[in-house]
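Reading through the structure tokens given below for one structure.
In the numbering used here, the protein residues as written are 961 to 1084.
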């Protein structure tokens, strides 16, 4: 039960940080579209790998890219903000990154790793 309460607190804090962040469209007015093809792997349990595409709604998205670990029992996550904002500042159209979770799961340190490939388009 305590882990559920902690998970809700982490979600609430993450949403509050997103609400307080500058909007992506304010920071990068030429940015038209952004999508992240995300893959999270667990070297200890490959059957738990997760892959999905996150389409960013540029007009209202925060300029913050902190993605929670997909292991519900883990308190960690992945902060790609600096990497993504740096690539967008250079107006890169494709870029990628990866990060080890570093959180604590039920059994100890979380072994999950997340990687992404981003695609961005820009207007005039």
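Using N, Cα and C, we set each Cβ at its ideal position, and we do this for glycine too.
- In whole angstroms, what is the alpha-carbon distance linking residue 1044 and residue 1067? 31 angstroms
- Item | residue 994 and residue 1018 closer than 7 angstroms at C-beta | yes
- Item | Residues bridged to residue 982 (per DSSP) | Note: residue 982 sits in no beta bridge, so no partner.
- Message: Less than 7 angstroms between the C-beta atoms of residue 1053 and residue 1080, yes or no?
- Response: yes
- Message: For residue 1003 and residue 1071, which I take to be in contact (beta-carbon distance under 8 angstroms), what is that distance rounded to the nearest angstrom?
- Response: 6 angstroms
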